[in-house]
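Undergrad:
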Amino acid sequence: MNWNKIKVLLFKEIKGVVRDRKTFMMMVIFPLVFLPVLIGGITYFQMKTMQGNMEEIVPVYIEGREYATGLVGYLKSSGDYKIVDQPEKDIAPALQDGEIALYLKIEPAFHQKIIAGNSGEIKLFYNNTNTLSDSSSKRILQLIAGYTAQIVEQRLKGLQLSPYFIEPVKLELVNTATEQEKSGRFLGMMIPYFVIISIFIGAMNIGINITSGEKEKETLSTLLVTQLTRSEIVVGKLLTLIILSTFSAILNIVGIVLAYQFVFSSVGSGMELVIDLSANTLFKLGGLFVLLAFIVSGIIILAGSFARNIKEGNSYVMPIYMVVILIGVLSMSGAFQPAGFIYYLPIVNIIFLLQDIFMLQANLLHLWITIITSLVFGGLISYLSVKLFQREEIIFRT
Amino acid sequence: MESLVKVENLSKVFKDQGKGEVQALVNLNFELRAGEIFGLLGPNGAGKTTALRIISTLMQPTSGDVFIAQLNLRDNARRAKEYLGFLTAEMNLYDYFTVRELLFFFGQVNGLTHTYITDRISWLVELLDLEKYIDRRVDNFSTGMKQKVSIARALLPDPPIIIFDEPINGLDLMASRVVTNLIRELKNEGKSIIISTHNMNLAENLCDRIGILFEGELRGVGTIEELARNTGQNTLEDIFFKMVGEFSELE
Ligand SMILES: Nc1ncnc2c1ncn2[C@@H]1O[C@H](COP(=O)(O)OP(=O)(O)OP(=O)(O)O)[C@@H](O)[C@H]1O
Ligand SMILES: [Mg+2]
Chain A
1 MNWNKIKVLL
11 FKEIKGVVRD
21 RKTFMMMVIF
31 PLVFLPVLIG
41 GITYFQMKTM
51 QGNMEEIVPV
61 YIEGREYATG
71 LVGYLKSSGD
81 YKIVDQPEKD
91 IAPALQDGEI
101 ALYLKIEPAF
111 HQKIIAGNSG
121 EIKLFYNNTN
131 TLSDSSSKRI
141 LQLIAGYTAQ
151 IVEQRLKGLQ
161 LSPYFIEPVK
171 LELVNTATEQ
181 EKSGRFLGMM
191 IPYFVIISIF
201 IGAMNIGINI
211 TSGEKEKETL
221 STLLVTQLTR
231 SEIVVGKLLT
241 LIILSTFSAI
251 LNIVGIVLAY
261 QFVFSSVGSG
271 MELVIDLSAN
281 TLFKLGGLFV
291 LLAFIVSGII
301 ILAGSFARNI
311 KEGNSYVMPI
321 YMVVILIGVL
331 SMSGAFQPAG
341 FIYYLPIVNI
351 IFLLQDIFML
361 QANLLHLWIT
371 IITSLVFGGL
381 ISYLSVKLFQ
391 REEIIFRT
Chain B
399 MESLVKVENL
409 SKVFKDQGKG
419 EVQALVNLNF
429 ELRAGEIFGL
439 LGPNGAGKTT
449 ALRIISTLMQ
459 PTSGDVFIAQ
469 LNLRDNARRA
479 KEYLGFLTAE
489 MNLYDYFTVR
499 ELLFFFGQVN
509 GLTHTYITDR
519 ISWLVELLDL
529 EKYIDRRVDN
539 FSTGMKQKVS
549 IARALLPDPP
559 IIIFDEPING
569 LDLMASRVVT
579 NLIRELKNEG
589 KSIIISTHNM
599 NLAENLCDRI
609 GILFEGELRG
619 VGTIEELARN
629 TGQNTLEDIF
639 FKMVGEFSEL
649 E
């Protein structure tokens with residue numbers, strides 16, 4: 001291995017990518033402009049709609065309101081509801097198209113039953129596909145629970161009992177999670193997904209171009225007749241991909257964090273992203289990014305060297321990309337509790353370890369298992385790539 | 399005379415998934431003598447590119463040997479490369495680079511020093527008439543210009559042997575003329591050159607000796623006079639068809 005020559009090749013490859021305006025713009029503009037605008041836009045509007053729903057006056061139709069004047073008065077006094085007349089349509093379509101958001105049906109015996117100490121029956125109809133109907137159904141439940149509590153209190157008073165009679169235990173929930181832990185949970189869900197996707201996308205186009213692309217254009221022959229050995233060529237190309245895809249992952253994270261920070265502060269949600277920027281954490285994160293980039297780049301170099309041309313290269317890499325997206329989605333869904341064996345699976349272990357680090361639960365043993373399996377797996381793939389490069393029936397496949 | 403390239407009993411068999419075994423080269427024997435232009439003349443699929451790739455260390459022979467300046471490629475490929483400049487039939491270059499950047503890149507991976515490369519570039523620029531283009535990006539160059547840059551790349555380390563696979567394929571009349579003159583000039587500079595071609599005119603005008611390659615076999619090797627004497631034909635075209643044995647009954 002002559003590192004000087006590898007460095008020359010590496011610089012040449014990176015220069016080629018930077019000068020390829022389309023690829024480079026995608027690499028920089030996408031994470032720093034497009035992604036934040038996308039994330040920011042979506043979250044901003046989601047939050048705005050939620051807030052809007054909170055403020056909106058909810059049209060409610062109450063059938064049999066004369067049987068529950070107390071409750072209706074209670075609802076009205078909250079100021080959030082407008083009691084409307086019976087819609088001309090049927091209930092279901094009226095809920096569906098939002099003419100009314102809620103429909104309450106009160107049984108004729110409601111009042112008598114309450115007075116008699118029984119339960120009066122109410123049916124609440126809503127449609128969860130209509131945003132306002134869905135959110136106000138939850139809010140009205142709370143309101144009715146408040147009304148119920150008033151009645152209970154009166155009944156207890158009538159029996160000369162204190163309200164504590166039915167609340168023998170008073171429970172208070174105290175969330176001790178720090179701002180940082182809350183942010184960690186949030187980032188731990190988001191970031192590993194974006195890291196794997198951005199590393200993969202970053203490495204994919206460039207990697208196929210500098211392997212299959214060179215075969216297709218036959219520039220590879222001009223490289224092979226130089227004093228570079230085939231392993232030096234593979235190492236140079238691998239390093240190019242590792243560097244560029246790590247760079248792309250970092251840009252993506254910066255873009256995402258900035259986007260959320262902007263959204264949270266501008267909506268005034270009270271949530272704030274607190275990120276641990278200690279050298280220790282950054283070192284671990286950086287190391288894991290590079291390891292992930294190492295494996296992903298190796299896979300792409302391997303597929304790209306095997307393929308005859310760019311089109312074939314892309315078709316080999318696509319299915320791998322799908323699997324990677326699946327892993328990313330799984331990690332983001334949080335539906336998956338990582339078991340111990342997960343940390344022996346290359347790529348997957350890095351994703352979950354990244355999550356652990358953000359959630360402040362990283363385990364040193366898992367860290368070491370991940371580092372070692374990644375190095376072994378990445379090394380194996382790189383070795384295979386070198387072997388492929390040494391086989392003329394692969395390099396000169398027609 | 400000393401032979402710079404010696405090809406001995408060279409055979410190449412490809413195991414092709416579709417076509418099964420392809421015998422691309424059968425027991426080839428020829429040499430490149432110092433200071434000459436040797437032409438491999440043959441139709442499509444004759445095995446020209448395969449032969450040149452093996453000589454350039456890109457492929458391994460199935461059997462037989464190739465010596466470059468007395469070095470057997472089987473165990474001295476790395477050192478033998480220093481004697482070789484190779485031009486592929488495809489005239490593609492790395493996009494997004496200027497001529498100077500490309501030449502520096504190839505010079506540096508070949509272990510040449512900065513001063514050496516700078517000196518060579520000024521010499522090559524003059525030889526190839528590249529002054530105006532040296533700092534332009536090659537993406538938009540014409541095929542002829544790209545071929546010139548490829549020649550500059552191959553000549554940069556000043557190798558004594560230069561191998562051209564189809565040097566004027568795809569070039570227009572003007573560009574062909576420029577490249578042909580250049581190859582002659584290289585010969586005058588003392589280079590030894592192998593070209594492959596299916597172009598009779600080029601072979602006739604440029605080559606000191608010709609090997610007629612057909613279906614992987616060398617049907618004859620020699621100067622045009624020698625080949626004419628052996629076949630009793632006058633023109634290279636007649637010699638070719640006579641040696642190839644096909645269509646002869648049409649006469
Ligand atoms: N990498 C390969 N794998 C399988 N078969 C090959 C390979 N390269 C060449 N061949 C076969 O070997 C034979 C010789 O091919 P080669 O490319 O050397 O011919 P050529 O004389 O250069 O022809 P052309 O004028 O088309 O360039 C052909 O039958 C070709 O199909
Ligand atoms: Mg050819």
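Protein chains in written order, with the numbering used here: chain A, 1 to 398; chain B, 399 to 649. Note that the Cβ used here is the ideal one computed from N, Cα and C, for glycine as well.
1. Per DSSP, what kind of secondary structure is serine 183/A in: helix, strand or coil?
2. Are the beta-carbon atoms of alanine 307/A and threonine 219/A separated by less than 9 Å?
3. With burial defined as no fewer than 16 other Cβ atoms inside 10 Å of the residue's Cβ, what is the status of asparagine 202/A: buried or exposed?
4. So that I know if they touch, is there some Cβ in chain B lying closer than 9 Å to that of phenylalanine 396/A?
5. Note down the Cα distance separating isoleucine 299/A from isoleucine 208/A, rounded to an integer number of angstroms.
6. Residues with a Cβ closer than 7 Å to any heavy atom of ligand 2, in chain order?
7. From Tyr260/A, Lys170/A, Ile197/A, Thr222/A, pick the residue whose C-alpha is nearest to that of glycine 328/A; which is it?
8. Would you identify the three-state DSSP class for glycine 127/A, choosing helix, strand or coil?
9. Of all Cβ atoms in chain A, is any one closer than 9 Å to the Cβ of methionine 457/B?
10. When you compare only the Cα positions, how much space is there between methionine 1/A and glutamate 232/A?
11. Taking the alpha helix (DSSP H) that alanine 94/A belongs to, which residues open and close that run?
12. I need the DSSP call for threonine 398/A, collapsed to helix, strand or coil.
13. Out of curiosity, what's the CA-to-CA distance linking glutamine 390/A and arginine 230/A?
14. Enumerate, from N- to C-terminal direction, the unbroken beta strand (DSSP E) stretches of 3 or more residues contained entirely within the stretch 16 to 100 of chain A.
15. Give the DSSP-derived three-state secondary structure of aspartate 463/B in the structure shown.
16. Could you check what DSSP says for alanine 422/B in three-state terms: helix, strand or coil?
17. Cβ of isoleucine 593/B within 9 Å of Cβ of proline 557/B?
18. Using the C-alpha atoms, what's the distance from isoleucine 151/A back to alanine 116/A?
19. Helix, strand or coil, according to DSSP, for valine 405/B in the structure here?
20. Quick one: give me the first and last residue of the beta strand (DSSP E) that valine 296/A is part of.
21. Using a 10 Å radius around the Cβ and a threshold of 16 neighbouring Cβ atoms, would you call serine 133/A buried or exposed?
22. Could you pull out every residue in the same chain whose Cβ sits closer than 8 Å to the Cβ of aspartate 533/B, ignoring the five residues on either side in sequence?
23. Kindly indicate which residue of Ala422/B, Ser401/B, Ala467/B, Phe412/B has the alpha-carbon position closest to the one of arginine 477/B.
24. Could one say the Cβ of leucine 491/B lies closer than 9 Å to chain A's Cβ atoms, at least one of them?
25. So which residues on chain B does lysine 423/A lean against when the C-beta distance must stay under 7 Å?
26. Measure from the alpha carbon of asparagine 4/A to the alpha carbon of each residue in Leu228/A, Val348/A, Gly304/A, then state which is nearest.
27. What is the DSSP secondary structure of tyrosine 494/B, reduced to helix, strand or coil?
28. Only counting runs of 3 or more residues, tell me where the beta strand (DSSP E) segments fall wholly within the stretch 557 to 624 of chain B, in order along the chain.
29. Restricting to Cα atoms, I'd like to know which of Gly505/B, Gly437/B, Leu402/B is closest to valine 464/B.
30. What is the C-beta distance between leucine 430/B and isoleucine 559/B, in whole angstroms, given that I count them as a contact (C-beta under 8 Å)?
31. Looking at the unbroken beta strand (DSSP E) that takes in phenylalanine 389/A, where does it start and where does it end?
32. Relative to ligand 4, is the shortest distance from any of its heavy atoms to the C-beta of threonine 398/A smaller than 8 Å?
TA: On the basis of the data shown:
1. For the purposes of this step, residue 183/A is identified with residue 183 of the first sequence, where counting begins at 1. The three-state reading of DSSP puts serine 183/A in helix, counting H, G and I together.
2. In the first sequence, counting from the first residue as 1, residue 307/A sits at position 307. In the first sequence, counting from the first residue as 1, residue 219/A sits at position 219. For alanine 307/A and threonine 219/A, no; Cβs fall outside 9 Å.
3. Reading the first sequence from its first residue, position 202 is the one you call residue 202/A. The sequence given here has glycine at residue 202/A, not asparagine. Glycine 202/A should be labelled buried.
4. Mapped onto the first sequence, residue 396/A falls at position 396. Yes, phenylalanine 396/A lies at the interface with chain B (some Cβ there is under 9 Å from its Cβ).
5. Taking the first residue of the first sequence as 1, we reach residue 299/A at position 299. Taking the first residue of the first sequence as 1, we reach residue 208/A at position 208. Here the C-alpha atom of isoleucine 299/A lies approximately 11 Å from the C-alpha atom of isoleucine 208/A.
6. Around ligand 2, the residues selected by a Cβ distance under 7 Å to any of its heavy atoms are Lys446/B, Thr447/B, Ala487/B, Asp563/B, Glu564/B, Ser594/B, following chain order.
7. Residue mapping note: residue 328/A aligns to position 328 of the first sequence, counting from 1. For the residues Tyr260/A, Lys170/A, Ile197/A, Thr222/A, the minimum Cα distance to glycine 328/A belongs to Ile197/A.
8. Translated into positions along the first sequence, residue 127/A becomes position 127. Glycine is not the amino acid found at residue 127/A; the sequence shown has asparagine there. Three-state DSSP puts asparagine 127/A in coil, outside helix and strand.
9. As a working note, residue 457/B is residue 59 in the second sequence. Output row for methionine 457/B: interface = yes.
10. Taking the first sequence and counting its residues from 1, the one referred to as residue 1/A is at position 1. Taking the first sequence and counting its residues from 1, the one referred to as residue 232/A is at position 232. C-alpha separation (whole angstroms): 6 Å.
11. In the first sequence, residue 94/A corresponds to position 94, counting from 1. For alanine 94/A, the enclosing alpha helix (DSSP H) has its first and last residue at 91 to 96.
12. Numbered from 1 along the first sequence, position 398 holds the residue referred to as residue 398/A. Coil, per DSSP.
13. Within the first sequence, the letter at position 390 stands for residue 390/A. Within the first sequence, the letter at position 230 stands for residue 230/A. In this structure, the straight-line span from the alpha carbon of glutamine 390/A to that of arginine 230/A is close to 6 Å.
14. 58 to 63, 81 to 84
15. Here residue 463/B refers to the residue found at position 65 when the second sequence is read from its first residue. Here aspartate 463/B sits in strand by DSSP.
16. What you label residue 422/B is simply residue 24 of the second sequence in a count that begins at 1. In the structure shown, the three-state DSSP call for alanine 422/B is strand.
17. Working through the second sequence from its first residue, we reach residue 593/B at position 195. Working through the second sequence from its first residue, we reach residue 557/B at position 159. Not in contact: isoleucine 593/B and proline 557/B (Cβ atoms no closer than 9 Å).
18. Numbered from its first residue, the first sequence carries residue 116/A at position 116. Numbered from its first residue, the first sequence carries residue 151/A at position 151. A straight-line Cα-Cα distance of about 12 Å links alanine 116/A and isoleucine 151/A.
19. Residue 405/B sits at position 7 when you count from the first residue of the second sequence. For valine 405/B, the three-state secondary structure derived from DSSP is strand.
20. By one-based count along the first sequence, residue 296/A stands at place 296. Per DSSP, valine 296/A belongs to no beta strand (DSSP E); it is in the alpha helix (DSSP H), 279 to 306.
21. For the purposes of this step, residue 133/A is taken as residue 133 along the first sequence, with counting starting at 1. The residue in question, serine 133/A, is buried, as its Cβ has 16 or more Cβ neighbours within 10 Å.
22. By 1-based counting over the second sequence, the position of residue 533/B is 135. Here the set comprises Thr496, Val497, Arg498.
23. The residue given as residue 477/B occupies position 79 in the second sequence. Checked all of Ala422/B, Ser401/B, Ala467/B, Phe412/B; the closest Cα to arginine 477/B is Ala467/B.
24. Taking the first residue of the second sequence as 1, we reach residue 491/B at position 93. It does: the Cβ of leucine 491/B has a partner Cβ on chain A nearer than 9 Å.
25. Outside the shown range of chain A (1 to 398) lies residue 423/A, about which nothing can therefore be said.
26. Translated into the one-based positions of the first sequence, residue 4/A becomes position 4. Minimum Cα-Cα distance from asparagine 4/A among the listed residues Leu228/A, Val348/A, Gly304/A corresponds to Leu228/A.
27. Position 96 of the second sequence, counted from the start, is the residue given in the question as residue 494/B. If DSSP states are grouped into helix, strand and coil, tyrosine 494/B belongs with coil.
28. Considered as a whole, the stretch 557 to 624 of chain B harbours 559 to 563, 590 to 595, 607 to 612, 615 to 620 as its complete beta strand (DSSP E) runs of no fewer than 3 residues, in chain order.
29. To locate residue 464/B, count along the second sequence from 1; it is residue 66. Ranking the options by Cα distance to valine 464/B, first place goes to Leu402/B.
30. Here residue 430/B refers to the residue found at position 32 when the second sequence is read from its first residue. Here residue 559/B refers to the residue found at position 161 when the second sequence is read from its first residue. Sure, about 7 Å apart at Cβ, within 8 Å.
31. Counting from 1 along the first sequence, the entry for residue 389/A is found at position 389. Unbroken run through phenylalanine 389/A is the alpha helix (DSSP H), 364 to 389; no beta strand (DSSP E).
32. Looking at this structure, you won't find ligand 4 anywhere; what it does contain is ligand 1 and ligand 2.
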